[in-house]
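Trainee: The structure's right below; bear with me while I get my questions together.
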Amino acid sequence: SMPEAAGAFEFTGTWSLVLEALRYRIEPAKQAAVERAFVRMVMTRGDRIAVQALYRIRSVQQRLAVALPPGAEPASEQRLNGRRFDLELAPGATGPKTGERGRGLYYVPLARTLPDEVLVLELRYHTAVERPDLMIPEFPIDRDVQPLAPAVQRVYLAVYVPEEMRVLMQSGPWTEEFDWDMEPGRGLQPRVKQSADPQSLMNWVTEGTNVTVGDFAVDGTGLVYSSIDPPPGAGGALKLRMCDYRLWNGLLIVGGLIVGAALLRLRWGTRLWILAWLALIWCIAAVVFPIAAAQLVDRTLFLVGAGVLVVWLFSDAVRRRPGGPPGGFIPAEASGEPPPTGGPLPADMPPLPAEAVRAEAVPTAARTGDDAVVSAEVVLADDDVMIERRKSGHGTASDAGDQPQPETTASEDRPPQEGGPRHDPE
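Structural data, given as structure tokens:
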């Protein structure tokens, strides 16, 4: 009897039993995982980049393969859980001083760690600023020590650019962790979100451990980005396009002066229309190139705009100020010659523009007697053009006596002048 059996069968005669056994192959799982990562890059004024990379790792491997960007030179301080160690150059890998463009592959020894222990890896190195691609260290596949690439979770990247540099564009699989805020005297400046503060990110990586991160000097404007498992190689690099602030401000000044000079002779209505179109173009550029458009709005732009506005107001005031008549015309009071007493204007007087003449009629001069005098008055038209307006009036006896009288005799037979009094010798 078999009390533990679930069932029993009894066979009589010839019989056979066929058994099928299935064997499942165990799929190898990832033996290392990068749970958290925070990388800081400082662009120095000596065309070099200082890098500090912090990783929170779990691994059951004896060694961890890590690849540094091309041209990277490891520093002397590499730490694992706060203890200093030396990187091991992988066999056949490209070192930092071979002059080749390959990536340097190194091994991180993990012999003194436990499989279930949380490790804090700190890497430091320097690289030259030869191109705008900012690449972070990778954990590639290595058939000797790392058959599968570790799983990488969220990675934060903080980039510090010099104060005199202006970031115009950025591209790559990275998300901005900062906002643009207006600062007095500096224009729009990046403000890192509270959740992405560098000190908070370092505490986030070392959370639950007794590891103290070493000092790392930073300087300049900080920009923080984040990504989840960025692609390896150049596809996962952060590309920044920057410009020196002196050149950037010079371009803003030249552009503002060109626009101001082009609109100097136009009316205010036309100026406002053109400025409205320029504002619309800026709004479109803010959608396509948000960082470059944000960099336009700074103190230099406001100063140039204020200067152009002052020049426009001064120019309009000068053009509307009363001045001399056009074409060198001198009124009768200034030349000392009597003005014509009627009829058409002198032939040598330049014609006036049609838009400069007012709609009101200009009365002609007329005589009312022997003591009548003729005077001329110069008035200012709407478009700063001087026109002549003649009028007649009565003068004093002394003024009438000063007027020269024509000398005639009875024997003279002269036709009277048109518009003047007829002379009677009697």
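Numbers in the working numbering are just positions in the sequence shown, counted from 1, shifted up by 1131. C-beta: ideal position from N, C-alpha, C; glycine also.
With 16 as the cutoff for other CB atoms within 10 Å, does D1217 come out buried or exposed?
Mentor: Residue 1217 sits at position 86 when you count from the first residue of the sequence shown. Flag for D1217 reads exposed.
Trainee: For A1416, which residues from the same chain have a beta carbon less than 6 Å from its beta carbon, with the 5 sequence-adjacent residues on both sides left out?
Mentor: Your numbering for residue 1416 matches position 285 in the sequence shown. Excluding sequence neighbours, A1416 sits near A1424.
Trainee: For L1195 versus A1168, is the C-beta distance shorter than 8 Å?
Mentor: By one-based count along the sequence shown, residue 1195 stands at place 64. By one-based count along the sequence shown, residue 1168 stands at place 37. Cβ distance not < 8 Å, so L1195 and A1168 don't count as in contact.
Trainee: Considering T1401, what are the terminal residues of the beta strand (DSSP E) in which it resides?
Mentor: As a first step, residue 1401 must be located in the sequence shown, where it is residue number 270. If you look at T1401, you'll find it isn't in any beta strand (DSSP E); it sits in the alpha helix (DSSP H) that goes W1399 to V1419.
Trainee: Keeping to the same chain, check which residues put their C-beta closer than 6 Å to that of L1211; ignore five residues upstream and five downstream.
Mentor: Start at 1 with the first residue of the sequence shown, and residue 1211 comes out as number 80. Contacts found: L1252.
Trainee: Are there 16 or more other CB atoms within 10 angstroms of the CB of Q1277, so buried, or fewer, so exposed?
Mentor: Against the sequence shown, residue 1277 aligns to sequence position 146. Its Cβ being crowded by 16 or more others within 10 Å, Q1277 is buried.
Trainee: Identify which residue in D1310, W1335, L1382 and G1387 has its Cα closest to the Cα of T1352.
Mentor: On the sequence shown, residue 1352 is found 221 positions in, with the first residue counted as 1. For T1352, the closest alpha carbon among the candidates D1310, W1335, L1382 and G1387 is that of D1310.
Trainee: By the three-class DSSP mapping on this structure, what secondary structure does A1136 have?
Mentor: For the purposes of this step, residue 1136 is identified with residue 5 of the sequence shown, where counting begins at 1. Three-state result, A1136: coil.
Trainee: Can we say the region 1237 to 1251 touches the region 1168 to 1181, given the rule of at least three CB pairs closer than 8 Å?
Mentor: Segments in contact, no.
Trainee: Give the DSSP-derived three-state secondary structure of P1240 in the structure shown.
Mentor: Position 109 of the sequence shown, counted from the start, is the residue given in the question as residue 1240. Correct three-state label for P1240: strand.
Trainee: To the nearest angstrom, report how far apart P1159 and H1257 are at their CA atoms.
Mentor: Locating residue 1159 in the sequence shown gives position 28, counting from the first residue. Locating residue 1257 in the sequence shown gives position 126, counting from the first residue. P1159 and H1257: Cα-Cα distance of roughly 36 Å.
Trainee: Taking a contact to mean a Cβ-Cβ separation below 8 Å, would you say P1115 touches M1266 in this structure?
Mentor: There is no way to answer for residue 1115, as the model of the chain reaches only from 1132 to 1557.
Trainee: Is there at least one non-hydrogen atom of the ligand MG closer than 7 Å to the beta-carbon of Q1183?
Mentor: This structure simply doesn't include the ligand MG, nor any ligand for that matter.
Trainee: In chain order, what residues of the same chain lie with their CB nearer than 8 Å to the CB of T1143, ignoring the 5 residues before and after it?
Mentor: Stepping through the sequence shown from its first residue, residue 1143 is reached at position 12. Closer than 8 Å at the Cβ level, and outside the excluded window around T1143, lies no residue.
Trainee: What would DSSP say about W1311, mapped onto helix, strand or coil?
Mentor: Locating residue 1311 in the sequence shown gives position 180, counting from the first residue. Three-state DSSP puts W1311 in a strand.
Trainee: For E1204 versus R1189, is the C-beta spacing smaller than 8 Å?
Mentor: By 1-based counting over the sequence shown, the position of residue 1204 is 73. By 1-based counting over the sequence shown, the position of residue 1189 is 58. The answer is no: Cβ separation not under 8 Å.
Trainee: Which residues mark the beginning and the end of the beta strand (DSSP E) in which R1372 is found?
Mentor: Numbered from its first residue, the sequence shown carries residue 1372 at position 241. Unbroken beta strand (DSSP E) run through R1372: L1369 to D1375.
Trainee: Using 8 Å as the threshold, is the C-beta distance between Y1376 and M1296 below it?
Mentor: For the purposes of this step, residue 1376 is identified with residue 245 of the sequence shown, where counting begins at 1. For the purposes of this step, residue 1296 is identified with residue 165 of the sequence shown, where counting begins at 1. In this structure, M1296 lies closer than 8 Å to Y1376 by Cβ.
Trainee: So is I1422 buried or exposed if we call it buried at 16+ other beta carbons inside 10 Å?
Mentor: Taking the sequence shown and counting its residues from 1, the one referred to as residue 1422 is at position 291. By the neighbour-count rule (16 or more Cβ atoms within 10 Å), I1422 is buried.
Trainee: For R1232, which residues in the same chain have their Cβ closer than 7 Å to its Cβ, ignoring the five residues on either side in sequence?
Mentor: Here the question's residue 1232 lines up with position 101 in the sequence shown. The predicted model places R1232 with a pLDDT of 41, which falls under 50 and marks its position as unreliable; any figure quoted below should be read in that light. Taken in chain order, the residues that qualify are P1201.
Trainee: What does T1306 pair with, by DSSP beta-bridge criteria?
Mentor: Stepping through the sequence shown from its first residue, residue 1306 is reached at position 175. Looking at the DSSP output, T1306 shares a beta bridge with S1357.
Trainee: Over the uninterrupted alpha helix (DSSP H) stretch that includes A1152, give me the two end residues.
Mentor: Against the sequence shown, residue 1152 aligns to sequence position 21. Looking at the DSSP string, A1152 is not in any alpha helix (DSSP H), and its letter there is neither H nor E.
Trainee: Helix, strand or coil: how does DSSP classify I1389 here?
Mentor: Along the sequence shown, read from residue 1 onward, the residue named residue 1389 stands at position 258. It is helical.
Trainee: If you run the structure through DSSP and keep just helix, strand and coil, what is L1195?
Mentor: Here residue 1195 is taken as the residue at index 64 of the sequence shown, counted from 1. Three-state DSSP puts L1195 in a strand.
Trainee: Touch check for the region 1394 to 1407 and the region 1333 to 1341: three-plus C-beta pairs under 8 Å?
Mentor: no
Trainee: Between V1197 and P1246, which are expected to be in contact by the criterion C-beta below 8 Å, what is the C-beta distance as a whole number of angstroms?
Mentor: Start at 1 with the first residue of the sequence shown, and residue 1197 comes out as number 66. Start at 1 with the first residue of the sequence shown, and residue 1246 comes out as number 115. Between P1246 and V1197 the Cβ distance is about 19 Å, and since that is not below 8 Å, they are no contact.
Trainee: DSSP three-state label for R1274, please.
Mentor: The residue you call residue 1274 lines up with position 143 of the sequence shown. Residue state, collapsed to three classes: coil.
Trainee: Please report the Cβ distance between L1378 and V1298, rounded to the nearest whole angstrom; I am assuming they are in contact, meaning their Cβ atoms lie under 8 Å.
Mentor: The count along the sequence shown starts at 1 and reaches residue 1378 at position 247. The count along the sequence shown starts at 1 and reaches residue 1298 at position 167. Actually they do not touch by this definition, with Cβ atoms about 14 Å apart.
Trainee: I need the straight-line Cα distance from R1255 to V1435, nearest angstrom please.
Mentor: Looking up residue 1255 in the sequence shown gives position 124. Looking up residue 1435 in the sequence shown gives position 304. Taking the straight line from one Cα to the other gives about 44 Å.
Trainee: Quick check on DSSP: helix, strand or coil for R1450?
Mentor: Counting from 1 along the sequence shown, the entry for residue 1450 is found at position 319. Helix at R1450.
Trainee: Excluding five sequence neighbours on each side, which residues of the same chain lie with their C-beta closer than 7 Å to the C-beta of V1323?
Mentor: Here residue 1323 refers to the residue found at position 192 of the sequence shown. For V1323, where only same-chain residues beyond five positions count, the Cβ hits under 7 Å are E1308, F1309, G1353 and V1355.
Trainee: Report the three-state DSSP secondary structure of E1557 (helix, strand or coil).
Mentor: For this step, residue 1557 is matched to residue 426 along the sequence shown. Annotation note: pLDDT 41 at E1557 (below 50); position unreliable, coordinate value reported separately. The DSSP-derived three-state label of E1557 is coil.
Trainee: Do you know offhand how far S1207's Cα is from V1170's?
Mentor: By one-based count along the sequence shown, residue 1207 stands at place 76. By one-based count along the sequence shown, residue 1170 stands at place 39. Taking the straight line from one Cα to the other gives about 18 Å.
Trainee: Within the continuous beta strand (DSSP E) that includes L1245, where are the two ends?
Mentor: Taking the first residue of the sequence shown as 1, we reach residue 1245 at position 114. Unbroken run through L1245: none, as it is neither H nor E.
Trainee: According to DSSP, simplified to helix, strand and coil, what is P1329?
Mentor: Working through the sequence shown from its first residue, we reach residue 1329 at position 198. P1329: helix per DSSP, three-state reduction.
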